[in-house]
Every structure is written in C-alpha cells, then in structure tokens.
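Asks:
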Amino acid sequence: MVTGVTAGYSKTLEIVGVGYRVQARGSDLEFALGFSHPVAVKAPEGIRFEVQTPTRFVIYGIDKQQVGEVAAKIRRLRKPDPYKGKGVRYQGEVVRRKVGKSGK
149 MVTGVTAGYS
159 KTLEIVGVGY
169 RVQARGSDLE
179 FALGFSHPVA
189 VKAPEGIRFE
199 VQTPTRFVIY
209 GIDKQQVGEV
219 AAKIRRLRKP
229 DPYKGKGVRY
239 QGEVVRRKVG
249 KSGK
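Letter by letter, the sequence shown follows residues 149 to 252 of the working numbering.
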C-alpha cells in the first residue's frame, strides 16, 4: 500500500505567545504573529489545513515532502525564540532556552 494515497501525511504545528493566533479563511490560513499586519498563507494544490484551536493547526496532504515544505515555510514566519520560547513550532518540538542577562 502507498501511505500517501491511503492515509495521507500530516504535520501539527503549535503557536506559543501572547496574542499569537491562527484562523481559517476558507482553505487558507491567517496568522496574527505580533506583526503590524495579519499574515495570510494560501493552501497550495494538494494541501489542506485544519485549525483545531486558535493556537494549534494541522497540515494534511498526500505528498510527504510538500507537507514538510509548507510546514517549514509557516514555521519560518516566526521561529521559536530561544529566550522566551514564543513562535511557531512543530508539535512536540523542544526549544532550547537560553539564559538572559544576569542582573546586578
């Protein structure tokens, strides 16, 4: 059996941060990621988005590489910050946190 055709592939992404949200606009997604404007992402051919909560969404498709590319492109919009951990991350991704400046 071919996995892509029978079951399909999916990637779940999470958004962490105050005011960071995602919402569905038809087949596309619209992100609020702390910029002065909302960021829209159009669904390529063969890719489907599903918003589970305002901070979690899933990317579905039959082509594993295309699903991964779309997920990486969305993650690149706001990578997880190493100091506070805010940003778009894959589900289960562990973000290594850095220690900030030490006060006197």
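Even glycine gets a Cβ: it sits at the ideal position worked out from N, Cα and C.
Source: prediction; values computed, not measured.
According to DSSP, what are the bridge partners of residue 211?
Replies: If you number the sequence shown from 1, residue 211 lands on position 63. The partner list for residue 211 (beta bridge, DSSP) is empty, contrary to what the question assumes.
Asks: For residue 172, which residues in the same chain have their Cβ closer than 6 Å to its Cβ, ignoring the five residues on either side in sequence?
Replies: On the sequence shown, position 24 is the one that residue 172 refers to. Excluding sequence neighbours, residue 172 sits near 199.
Asks: Bridge partners of residue 159, per DSSP?
Replies: Locating residue 159 in the sequence shown gives position 11, where the first residue counts as 1. Answer is 207, bridged to residue 159.
Asks: If you draw a straight line from the C-alpha of residue 232 to the C-alpha of residue 165, how long is it?
Replies: Here residue 232 refers to the residue found at position 84 of the sequence shown. Here residue 165 refers to the residue found at position 17 of the sequence shown. So the two alpha carbons sit approximately 9 Å from each other.
Asks: Can you tell me which of 194, 162, 157 and 191 puts its alpha carbon nearest to the alpha carbon of residue 242?
Replies: Within the sequence shown, the letter at position 94 stands for residue 242. When only C-alpha atoms are compared, the closest one is 162.
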